[in-house]
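Numbering (our numbering), first residue to last: 520 to 949. As structure tokens, the structure follows; a few thoughts come after it.
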Ligand SMILES: [Zn+2]
């Protein structure tokens with residue numbers, strides 16, 4: 520009996536059998552920024568890279584291993600998008616209607632579909648910066664982590680925070696009686712209420728805090744894109760988030776809102792459409808990242824081509840302005856060596872088309888290698904997950920993609936990712 524008990528105990532405590540997987544790569548960009556390697560083999564067990572060998576290593580060295588042949592391809596770390604909104608990519612009037620007609624369960628299915636498109640596009644990690652749809656993306660984050668659904672690793676901000684009538688006020692553009700049914704606990708108008716708003720999100724289990732110090736292009740209000748928050752409110756938001764060990768992603772277009780946030784310790788500036796020389800100085804001093812989100816202009820152009828009346832007049836005026844200026848801030852930032860992390864704002868642009876951003880980044884002053892670094896090592900550092908993602912090294916998560924050409928010569932090859940592995944599981948193979 521005692522023998523049987525100890526045998527059972529043995530079985531119960533023995534690690535589950537993990538098959539070794541060997542990914543043979545024709546070319547391997549294991550650490551973006553470093554030179555591309557020639558033929559290499561990644562050894563993967565469970566969800567981790569356990570070794571990287573030069574040359575092609577097969578089952579003769581790892582008996583019973585499964586071999587994945589990518590010998591004709593370029594293999595690199597899974598890509599990271601630092602700025603997405605997974606619940607939807609239906610903007611303008613269509614999005615406004617969905618917001619008051621669609622229930623949480625429908626948002627959840629839509630978010631799951633978009634997560635699938637995202638991982639198919641080679642993005643194995645995303646930072647979801649605010650959706651406010653009853654916690655569906657927080658639940659999706661956990662569902663992906665448990666292996667219930669296919670998708671990228673998600674770091675989620677829960678509901679984004681702004682002032683009343685600011686960018687995150689979900690009531691803007693609706694009739695007064697509809698507004699009465701909209702939650703407002705993500706809005707704050709004093710240092711005290713801003714501290715409270717952050718604590719509400721911390722309590723919901725968010726990974727990061729997203730705030731807006733300026734107006735937003737898509738807000739249905741004619742209040743401009745400059746600063747809309749007092750210093751004590753911004754300070755309270757950023758300090759409270761940091762008190763709980765949460766990084767702060769700051770939506771800001773006007774340089775006044777950008778510079779206020781950087782001076783107060785923001786971890787990243789999202790959009791930053793009107794960066795100036797002072798912004799550059801503050802970026803360099805604080806070490807914050809700039810997340811340009813150039814893809815938004817693709818989203819606007821496509822939606823307007825399909826329907827010139829897709830946006831309310833107050834929004835259309837801001838879109839027209841943004842179409843003209845987007846990219847100029849990235850050029851300035853690159854000239855001065857500001858740290859850049861890749862982020863698309865997918866949701867405004869289409870999910871699954873995240874890699875279109877690479878082309879725009881290169882158009883506005885980045886080399887292909889710098890753009891790839893922005894979507895791997897830099898984004899991993901901004902998200903605080905460098906120990907896990909951003910490069911393919913022993914001990915890191917087995918997040919990798921394969922493409923048919925050399926992405927350090929032509930970033931457009933990243934738009935047709937052929938193979939994706941996310942946390943050791945094959946997510947796409949074609
Ligand atoms: Zn956004």
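Every residue, glycine too, gets a C-beta built ideally from N, C-alpha and C.
Fill in: Inter-residue spacing [alpha-carbon to alpha-carbon] between residue 765 and residue 624
28 Å
Practice prompt. Would you mind sorting residue 699 into buried or exposed? The rule is 16 or more other CB atoms within 10 Å of its CB.
Written response: exposed
Worksheet item: Looking only at its own chain, which residues have a Cβ that is under 7 Å from the Cβ of residue 523, when we skip the five neighbours before and after it?
Response: Its pLDDT being 49, under 50, residue 523 is placed unreliably by the model, and nothing is read from it.
Worksheet item: Roughly how many whole angstroms lie between the Cα atoms of residue 741 and residue 710?
Response: 25 Å
Worksheet entry | Host alpha helix (DSSP H) of residue 730 (start-end) | Unbroken run through residue 730 is the beta strand (DSSP E), 727-731; no alpha helix (DSSP H).
Item to complete: Kindly confirm or deny that the region 584-602 and the region 904-919 touch, where touching means at least three C-beta pairs closer than 8 Å.
Response: yes
Worksheet item: Just how far apart, CA to CA, sit residue 874 and residue 893?
Response: 12 Å
Worksheet item: Measuring CB to CB, does residue 475 end up less than 7 Å from residue 646?
Response: The question about residue 475 has no answer here: the residues shown for the chain are numbered 520 through 949.
Worksheet item: Are the region 846-863 and the region 792-809 touching by the rule of at least three beta carbon pairs closer than 8 Å?
Response: yes
Worksheet entry | Residue range of the unbroken beta strand (DSSP E) whose run includes residue 787 | 787-790
Item to complete: Below 7 Å CB to CB, which residues in the same chain sit around residue 896 once its five sequence neighbours on both sides are set aside?
Response: 551, 552, 909 and 910
Discussion item. Ligand 2 and residue 864: does the residue's C-beta get closer than 6 Å to at least one heavy atom of that ligand?
Written reply: What this structure holds is ligand 1, not ligand 2.
Worksheet item: If we ignore side chains and look at the alpha-carbon of each, how far apart do residue 784 and residue 701 end up?
Response: 31 Å
Worksheet item: Helix, strand or coil for residue 642 per DSSP?
Response: strand
Worksheet item: Cβ atoms of residue 828 and residue 868: under 7 Å apart, would you say?
Response: no
Fill in: Alpha carbon of residue 782 to alpha carbon of residue 846, nearest angstrom
23 Å
Worksheet item: Under three-state DSSP, which class holds residue 560?
Response: strand
Discussion item. I'd like to know whether the C-beta atoms of residue 635 and residue 669 end up nearer to each other than 7 Å.
Written reply: yes
Discussion item. I'd like the ranges of any alpha helix (DSSP H) spanning at least 4 consecutive residues and lying wholly in the region 816-856.
Written reply: 832-844 and 847-854
Worksheet entry | Neighbour flag for residue 748 against chain B, beta carbons, 7 Å | Checking the listed chains, one finds no chain B in this structure; it contains a single protein chain.
Worksheet entry | residue 887 - containing alpha helix (DSSP H), residue span | 887-892
Worksheet item: Is the region 727-743 touching the region 675-695, taking contact as three or more C-beta pairs under 8 Å?
Response: yes
Discussion item. Among 581, 620, 644 and 543, whose alpha-carbon lies nearest the alpha-carbon of residue 907?
Written reply: 644
Fill in: Touching by the beta-carbon criterion (3+ pairs, under 8 Å), the region 600-614 and the region 580-590
no
Fill in: Opening and closing residue of the alpha helix (DSSP H) in which residue 712 lies
710-722
Worksheet item: Between the C-alpha atoms of residue 877 and residue 717, what's the straight-line distance to the nearest angstrom?
Response: 33 Å
Item to complete: Output the distance between the C-alpha atoms of residue 534 and residue 564, rounded to the nearest integer angstrom.
Response: Any reading at residue 534 must be qualified, since the residue scores a pLDDT of 49, below 50, and its modelled position is unreliable; no value is offered.
Worksheet entry | Where the alpha helix (DSSP H) through residue 748 begins and ends | Run containing residue 748: none; DSSP gives neither H nor E here.
Worksheet item: Which class does residue 633 belong to by DSSP, given the choice of helix, strand or coil?
Response: helix
Worksheet item: Buried or exposed: residue 793, going by 16 or more other Cβ atoms within 10 Å of its Cβ?
Response: buried
Worksheet item: For residue 936, is the classification buried or exposed, using 16 other Cβ atoms within 10 angstroms of its Cβ as the cut-off for buried?
Response: buried
Worksheet item: So which of 729, 763, 712 and 848 has the shortest CA-CA distance to residue 773?
Response: 848
Fill in: Same chain, Cβ closer than 7 Å to residue 520, neighbours up to 5 away in sequence not counted
Legend: pLDDT at residue 520 = 45, less than 50; position of this residue unreliable, value from coordinates given subsequently. Counting only Cβ-Cβ distances below 7 Å, and skipping sequence neighbours, we find nothing.
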